[in-house]
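Student: This is the structure I have questions about; it appears just below.
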Amino acid sequence: MGWRAGNGLSIDIWNDAWISGPGNGKVSLEATNRQLIVVADLINVEDHTWKEDLILSVFNHQQAAQILCMPFPENGAPDLRIWRGDRSGIFSVRSGYRWLINSTDDSSNDPPTVEETWQNKFYKYVWALKLPSKIRIHFWCVINNFIPTFSNLVTQKILAQSQCLLCQSDCETVSHLVKGCSFVQKVLSELRIFTCPWQPEQSFVSWLFSAFDSLNSTARRTFVVALWAIWGSRNKIIHEGLVQSVREVVNFCRIYIKETDASFSFSTTTTRTNSGHWNPPPVDRVKVNFDTCFDPTRLRSISGIIFRNSQGHLLAASTIPNPYVMNPEMAEAIACDQAFILSKELGFKRIEVESDALLVISKVVNPVNGRSELGAVYSNILVKRRDFEFLCFSHVYRNRDNAAHVLASVGKHNPQFRVWIKEAPQPVEEAVSRDKEWFNPLN
Ligand SMILES: [Zn+2]
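So the sequence shown is residues 1 to 443, counted in full-length UniProt numbering.
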C-alpha cells in the first residue's frame, strides 16, 4: 500500500511510500531535512504546485524528478491510500504479480522465493507468446476472472441463469470454461492439449499455472488460442444463434495458428489494417483530436491538439510542452486535460474528443475510481466536462488521428507553447487536407 498526495497533510515524507515511479515509493536514505515533516511542507498552498527549488535541494536528482512528475488534484482534496502495484490503483491478482516481477527485476531487495520466481516466469511466458495481443489479453482476463461469464453476470445480478451454453449442464464459470466443460475437454484433447489434473484444495489460478508449466511452448500457444476460440464460439451462440461443433472449433484453431505462424515469421511488427478514416463531426459540433510525444529520458512531453469543423476545416491547432511527466499515460491524460482547457478558451461548447490514447479515453468515459496515481489528472478532466453543452469521446486508431500525431511531432522538434487559428504548420495542413479527401461534406 502507499499514498497518493492530495493536500499532503497525512503523508510522512520520510517513512511513508508516496513517491510514484520505480522503487519502493520511499525517500532514499541520504535525503534529510529535519524541518520537513509531512508532504504538505513540499507544496505551495496557494496554487497546489510543488516547491520545486526545495525539492531539488533536498532529494537526489531521480527522486526529485519523480516527485515533480506527480500530479495534484486541483481542489486540494485529502491524501488517498492507494495500492501502488497498478496504475489503476485497484489491487488485482495481475497487478500483484506484475509488481512482483518489477520489484524482482530491480534485484535490489531480498532474493525471490520459489513461488515468486515461478510467477515471474509464467507472466514472461504469456507476454512472449507469439500471438496477437487480443488473444493474450483474453488469457489475462481468464487468469483474473475478468471475463463476463454467466456466473460472473449472475453474481453482479445482470443475469438470472448461468448454465453453460456449450455443454448445457454445468454453471458457466471461468474454471468451467477452461477445465470443467465437456465441450472444452473435447476441443483440447483433439488439439492434443493434456493439462495436469486439478488437485483438491488447489485454487483455479494455481492449477492454471501448473497446467501451463506442464505444456511445451507449442502446446501453450495452442492452449491459449483454444481458450480464446472457445470463448468466441460461446459468444457466437449468444449473438448469432450459431452453434459450432467441436470439429469446427478445432479446425478454426489449427488454421488460426498456422496463419499467425506465417505472419509472425514474415514480420515482427504487425501493421494494423486500415480501420477507417477521420470523420467530420455534425454541423453543430467541433471535433478535437489530440496526441502526444513522450520523452522518457527527460521526462517531458508535447501535446498536439487540433480542432476541426463539420467540413473538415482547421479551426485551431496547438502544441504544448509539458515538463515533469512520469510516463506515456500521464502524457496522454495531460493532453486530454489541455484539449478541454483549450476548447473552453476558444469557445467551443459542443465537442467530440477523439484520440488513440485508449487508456485515457476509457478512464474518462468510465471513471471507475479515483485512486490511481493519475487519479488527480483524471478528476481534473472530469470536473471540466461540466463546461460543455455536449461532449463525447471516442478511441480511434492512429490513422484516424494522424493530423494530431503530425502536430505533436512538429512540437517535438520545436517545443513551444503555440496556438494557431485557422492554420497550422505545413505538415499538419497537409495531413488535414488528406483527411478531407475521404469524405464529402454534406453542406
Ligand atoms: Zn460447459
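Positions of the beta carbon are idealized from the N, C-alpha and C atoms, including for glycine.
Note that the coordinates shown come from a computational prediction; the quantities given were computed from them, not determined experimentally.
For ligand 1, list every residue whose C-beta falls under 6 Å from any of its heavy atoms, going in chain order.
Tutor: Per the Cβ criterion, the list is CYS164, LEU166, CYS167, ASP170, HIS176, CYS181 and PHE183.
Student: Where does CYS196 sit, in a helix, a strand or coil, going by DSSP?
Tutor: Correct three-state label for CYS196: coil.
Student: My output table needs one value for TRP18: the three-state DSSP class, helix, strand or coil.
Tutor: Three-state result, TRP18: coil.
Student: Name the residue from SER318, CYS171, PHE59 and LEU359 whose alpha carbon lies nearest to the alpha carbon of VAL410.
Tutor: Nearest option by C-alpha distance: SER318.
Student: I think PRO78 touches GLY6, with their Cβ atoms under 8 Å apart; what is that distance to the nearest whole Å?
Tutor: 5 Å between Cβ atoms; contact.
Student: With respect to the beta strand (DSSP E) encompassing LYS287, which residues constitute its N-terminal and C-terminal limits?
Tutor: Run containing LYS287: 286-295, per the beta strand (DSSP E) assignment.
Student: Quick one: any contact between the stretch 426-436 and the stretch 325-345, if contact means 3 or more CB pairs under 8 Å?
Tutor: No, the stretch 426-436 is not in contact with the stretch 325-345.
Student: Given SER362, which residues of its chain have a CB within under 8 Å of its CB, disregarding the five upstream and five downstream residues?
Tutor: Taken in chain order, the residues that qualify are HIS395.
Student: Skipping 5 residues on each side, what residues in its chain have a beta carbon closer than 7 Å to that of SER210?
Tutor: The answer, listed in chain order, is CYS196.
Student: Where does the unbroken alpha helix (DSSP H) through ARG220 begin, and where does it stop?
Tutor: Element bounds for ARG220: 217-240.
Student: Taking the C-alpha atoms as reference points, what is the distance between ILE238 and GLU172?
Tutor: About 13 Å.
Student: For LYS436, tell me which candidate among SER20, SER214, TRP231 and HIS313 has the shortest Cα-Cα distance.
Tutor: When each option's Cα is compared against that of LYS436, the closest is HIS313.
Student: Do you know offhand how far SER182's Cα is from ALA403's?
Tutor: Going from the Cα of SER182 to the Cα of ALA403 covers about 51 Å.
Student: Helix, strand or coil, according to DSSP, for PHE388 in the structure here?
Tutor: In this structure, PHE388 counts as coil in the three-state DSSP scheme.
Student: Would you call GLU259 buried or exposed, if buried means 16 or more other Cβ atoms sit within 10 Å of its Cβ?
Tutor: Exposed.
Student: Starting from the Cα of ASN33, find the closest Cα among ALA40, GLY375, TRP14 and ASN44 and give me that residue.
Tutor: The shortest Cα separation from ASN33 among ALA40, GLY375, TRP14 and ASN44 belongs to TRP14.
Student: Please report the distance separating the alpha-carbon of PRO415 from that of PHE194.
Tutor: Roughly 57 Å between the two C-alpha positions.
Student: For ASP16, which residues of its own chain have a beta-carbon under 6 Å away from its beta-carbon, when the five flanking residues on both sides are left out?
Tutor: Excluding residues within five positions, the ones whose Cβ falls inside 6 Å are TRP3.
Student: Given ARG385, which residues of its chain have a CB within under 7 Å of its CB, disregarding the five upstream and five downstream residues?
Tutor: Only LEU391 meet the Cβ criterion.
Student: Among SER310, GLN161 and GLY304, which residue has its Cα nearest to the Cα of VAL283?
Tutor: The candidate whose alpha carbon is nearest that of VAL283 is SER310.
Student: Shortest alpha-carbon distance to THR218 belongs to which of VAL205, TRP231, CYS253 and GLU201?
Tutor: Nearest of VAL205, TRP231, CYS253 and GLU201 to THR218, Cα basis: CYS253.
Student: Under 8 Å by Cβ, that's how I've got VAL178 and VAL225 pegged, so tell me the actual separation to the nearest angstrom.
Tutor: VAL178 to VAL225, Cβ: 13 Å. No contact.
Student: Classify PHE417: buried if its beta carbon has 16 or more other beta carbons within 10 angstroms, exposed otherwise.
Tutor: With fewer than 16 other Cβ atoms within 10 Å, it is exposed.
Student: To the nearest angstrom, report how far apart SER169 and GLN163 are at their CA atoms.
Tutor: One C-alpha to the other measures close to 6 Å.
Student: Go ahead and pull the three-state DSSP assignment for GLU329.
Tutor: Helix, per DSSP.
Student: Do the CB positions of VAL377 and PRO71 come within less than 8 Å of each other?
Tutor: The answer is yes: Cβ separation under 8 Å.
Student: Output yes or no for whether 8 Å exceeds the beta carbon distance between ALA316 and LEU359.
Tutor: It is not a contact, given that the beta carbons lie outside the stated cut-off.
Student: Please determine, among LEU191, ARG192, GLU190 and VAL205, the residue with the shortest C-alpha to C-alpha distance to HIS176.
Tutor: Answer by Cα proximity: VAL205.
Student: Less than 8 Å separating the beta-carbons of ARG220 and PHE212?
Tutor: The answer is yes: Cβ separation under 8 Å.
Student: Alpha carbon to alpha carbon, how far is PHE122 from VAL419?
Tutor: Taking the straight line joining both Cα atoms gives about 49 Å.
Student: Would you decide whether SER108 is buried or exposed? Buried here means 16 or more other CB atoms lie within 10 Å of its CB.
Tutor: Residue confidence for SER108 is low, a pLDDT of 36 falling below 50, so the modelled location carries little weight and cannot support an answer.
Student: Between the C-alpha atoms of SER95 and VAL187, what's the straight-line distance to the nearest angstrom?
Tutor: Its pLDDT being 46, under 50, SER95 is placed unreliably in this model, and the value from its coordinates should be taken loosely. C-alpha separation (whole angstroms): 31 Å.
Student: PRO427 by DSSP, collapsed to three states: which one?
Tutor: DSSP places PRO427 in helix when its eight states are reduced to three.
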